[in-house]
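First comes the structure, then the notes that go with it.
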Amino acid sequence: MILDHSFPRETDYVKKNNIPLIIVGGTVEYHGAHCSYGCDTLVAEGLVKKGHSVDLITYEYKDLTDKKEEVINGVRVMRFPVKTVHMLHKGDKVGYQRYILDNQKNYDVMINVGSQTAFPNWLLPIIDKITIPKVLHLH
0 MILDHSFPRE
10 TDYVKKNNIP
20 LIIVGGTVEY
30 HGAHCSYGCD
40 TLVAEGLVKK
50 GHSVDLITYE
60 YKDLTDKKEE
70 VINGVRVMRF
80 PVKTVHMLHK
90 GDKVGYQRYI
100 LDNQKNYDVM
110 INVGSQTAFP
120 NWLLPIIDKI
130 TIPKVLHLH
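Numbering that gives the first Met the number 0 puts the first residue of the sequence shown at 0, with every later residue one more than the last.
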């Protein structure tokens, strides 16, 4: 199944309740009091409002919060020690890849937000091992 940039749209697949989704590459929008309404926020919270469970993987910004995991507006936010600066990716690549491979069975769809950052780029070497549908959401 191929979904375009207008995901989520009213398809039979999306109309089902409680589809577990994982959004990879969430940006700084999800850091507690510093929450702003960017693309990742709207997609994640919109899916939660439709009755789906959404986990969002984002970067760890210790200046903003020290929480590794929390629920914000119904979205489970998980922060990984990963950083991209000038297209150079740093952090726990192996731990992130292992998390995705070990936990993909808990999700029906993976939405990758953006490109040229650590999260989507580090999936490329293991993309054939990820068996759930994958969506690349560019903005």
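Yeah, the Cβ is synthetic: ideal placement off N, Cα and C, and Gly gets one too.
Item, Value
"Gln96 CB to nearest heavy atom of the ligand PLP below 8 Å", "Here there are no bound small molecules, and the ligand PLP is not part of this structure."
"Status (buried if at least 16 other CB within 10 Å, exposed otherwise) for Val93", "exposed"
"Run of the beta strand (DSSP E) containing Tyr58, from where it starts to where it stops", "Ser52 to Tyr58"
"Sequence-distant residues of its chain with Cβ nearer than 6 Å to Lys142 (five each side left out)", "Nothing about residue 142 can be read from this structure; the chain reaches only from 0 to 138."
"Closest by C-alpha distance to Tyr98, when choosing among Lys82, Phe118, Lys66 and Gly45", "Phe118"
"C-alpha distance - Tyr106 paired with His85, whole-angstrom precision", "31 Å"
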